[in-house]
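**Q** Once you've had a glance at the structure underneath, I'll fire off some questions.
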Amino acid sequence: MNGLFERSINQKLPIEIIYLSEKGALSQRTIAVREIRGSYVKAYCYSKQQVRIFKADNILSAGLKGKIVNYA
């Protein structure tokens, strides 16, 4: 999945993710990855309209807009 994140950074491409929050809530988000920090992904979240930090292990699936790949 890191390859997809790197591609999002380098080509400034938004990606869609399915994210599991620490509270157990699932959400679908469109993000633009800014940085990868170990097991965390710093990205602009279009739904929240702000930069957020996502735990990589909680990203259940990710893909380019319209092409979702399941990693669960």
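Numbering (this note's numbering), first residue to last: 62 to 133.
Quick reminder that beta carbons are idealized off the backbone N, C-alpha and C, glycines included.
Since the model is a prediction, treat every value here as computed from it, not as a measurement.
How long is the line joining the alpha carbons of ILE79 and ARG68, rounded to whole angstroms?
**A** For the purposes of this step, residue 79 is identified with residue 18 of the sequence shown, where counting begins at 1. For the purposes of this step, residue 68 is identified with residue 7 of the sequence shown, where counting begins at 1. Straight-line Cα distance between these residues: approximately 18 Å.
**Q** Less than 9 Å between the beta carbons of LEU65 and ASN119, yes or no?
**A** Indexing the sequence shown from 1 puts residue 65 at position 4. Indexing the sequence shown from 1 puts residue 119 at position 58. Not in contact: LEU65 and ASN119 (Cβ atoms no closer than 9 Å).
**Q** Specify the secondary structure class of GLU96 as computed by DSSP and reduced to three states.
**A** For the purposes of this step, residue 96 is taken as residue 35 along the sequence shown, with counting starting at 1. Strand, per DSSP.
**Q** Here's a check: name, in chain order, each residue in its chain whose Cβ is nearer than 8 Å to the Cβ of SER108, leaving out the five neighbours to either side.
**A** Stepping through the sequence shown from its first residue, residue 108 is reached at position 47. Same-chain partners within the cutoff: SER88, ARG90 and THR91.
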